[in-house]
Every structure is written in structure tokens, then in C-alpha cells.
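Chains as they are written, first to last, in the working numbering: chain A, 2 to 114; chain B, 2 to 113.
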């Protein structure tokens with residue numbers, strides 16, 4: 002089944018404790034992206050990757066890192082999480098960039114206390 | 002800056018009626034628009050898209066209309082069903098070919 006998977010689905014952590022949210026797709030997509038979703042703000046792009054070893058900032062990249070060492074995986078790293086990073090996070094992938102249908106993962110709900 | 006917004010945050014529709022969800026965008030250079038549906042507890046799901054060289058595009062029970070003159074986008078759902086209950090987002094490809102901007106969403110609820 003073609004899909005985007007994220008882990009963990011739920012995470013509660015404390016300020017400053019490094020964490021990684023994994024994202025994997027099995028569709029051989031070149032483009033992958035991370036979004037955060039907050040009430041009243043819709044989805045905002047954090048980082049995206051056009052292909053392996055190519056990543057770039059979205060609209061809200063502060064406090065986040067990503068890597069794209071292989072095509073299928075695009076982990077999101079929070080080196081020192083803060084409470085304002087409490088949010089619902091979605092990973093997405095598409096064949097080639099945003100002019101193609103994006104497939105979204107199920108989401109990761111992160112709470113930073 | 003670029004922005005994509007929605008006229009109404011909530012919409013209540015009688016089951017069987019048609020639904021119309023509206024969206025305004027600000028970047029007249031945008032050439033690609035998408036509608037997503039997000040059900041509770043799930044990620045957004047692609048519904049339909051339209052490129053700027055078109056005014057209308059139809060899918061199964063859904064139609065997207067694009068009015069570039071007034072920078073307006075709408076999603077029409079025919080014969081609305083309970084399964085259509087969700088939040089609907091319009092999205093716009095930004096000035097960068099790699100970025101997309103989402104609106105804040107409209108919640109569609111269905112009255113029996």
C-alpha cells in the first residue's frame with residue numbers, strides 16, 4: 002500500500018530534550034515536506050526537500066532541522082524543543098515538487114512541557 | 002506577502018444539498034491551486050487541483066472553479082453526504098516552485 006508513515010504518533014516531552022520524528026514514504030517520491038498545524042493557522046511549512054541531499058527552509062524553520070540522506074526518509078529533528086513547538090506535525094511527499102499531488106502522513110501530536 | 006484565506010470558517014449544509022466552499026488568494030502569479038480534505042484525526046487528503054490556465058475542473062461529485070480576475074477559488078460538492086464532514090483547505094503554490102501555502106480551513110458539517 003502506497004503510504005507515508007510517521008513515528009511516533011504521539012509524544013510528550015520536556016523542554017530541551019532532543020527528539021526526532023521519523024517520516025518514510027514507499028512511493029519513490031522525490032519531494033518531501035514537513036508541516037505543522039496549529040488552531041486557526043492552518044498548515045505551515047517547516048522544511049522541504051526536492052531530492053536526496055537537497056533541503057530548504059519553509060515558512061517556519063526556526064528550531065527545527067531535517068536531513069535527506071536517502072529518498073524514502075525525511076526525519077524532523079528538534080534539537081532543543083520548547084513549549085511553542087507543541088503542535089500537530091505532518092509529513093508529506095509528492096512525485097516532484099508541489100505541482101503534484103501531495104500525500105500526507107497520519108500526523109504526530111507533540112507536546113512540549 | 003502571499004496569503005490564502007477563506008471567507009467562512011464554518012459551513013453547515015443539509016444532507017443531499019450542494020456545498021460551496023470559497024477561498025481567496027492574494028498572489029496573482031500563482032499558477033496551481035489545490036483543495037484538501039482533512040477528517041478528524043487524519044492527515045489532509047488531496048481532493049482536486051486546478052492550474053491557472055483553466056477556469057473549471059470536475060471530479061467525482063466535486064468541482065473547482067477558479068476566477069483569476071478576482072483571485073477567488075471555490076470548491077463545490079454535489080449531493081453532500083455525511084462522509085463529507087471534514088475541514089477543507091485550499092492551497093496555493095507560492096512564488097517558489099517548492100513551496101505551498103495553505104488557507105486556515107473551513108469546517109463543513111452536514112445536517113441530517
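A virtual CB, placed ideally from N, CA and C, is assigned to each residue, including glycine.
| Query | Result |
| --- | --- |
| Residue 99 (chain A) at chain D interface by Cβ criterion, 8 Å | Here chain D cannot be found, since the structure's protein chains are A and B. |
| Cβ neighbour criterion (16 or more within 10 Å) applied to residue 7 (chain A) | buried |
| Segment contact flag, the segment 86-101 of chain B with the segment 17-29 of chain B, C-beta cutoff 8 Å, min 3 pairs | yes |
| Inter-residue spacing [alpha-carbon to alpha-carbon] between residue 88 (chain A) and residue 15 (chain A) | 14 Å |
| Contact list for residue 129 (chain A) against chain B, beta-carbon separation under 9 Å | The structure shown has nothing for residue 129 (chain A), since chain A only spans 2 to 114. |
| Three-state class that DSSP yields for residue 86 (chain A) in the structure shown | helix |
| Reduced DSSP category for residue 57 (chain A) - H, G, I as helix; E, B as strand; rest coil | strand |
| Cβ-Cβ separation, residue 52 (chain A) to residue 71 (chain A) (assumed contact under 8 Å), whole Å | Not a contact, Cβ separation roughly 11 Å. |
| Top-ranked residue by Cα proximity to residue 82 (chain A), from A:5, A:4, A:22 | A:22 |
| Residue 38 (chain A), buried or exposed, once every other Cβ within 10 Å from all chains shown has been counted against 16 | buried |
| 8 Å Cβ cutoff met for residue 67 (chain A) and residue 50 (chain A) | yes |
| Selection from A:112, A:33, A:2 that minimises the alpha carbon distance to residue 100 (chain A) | A:33 |
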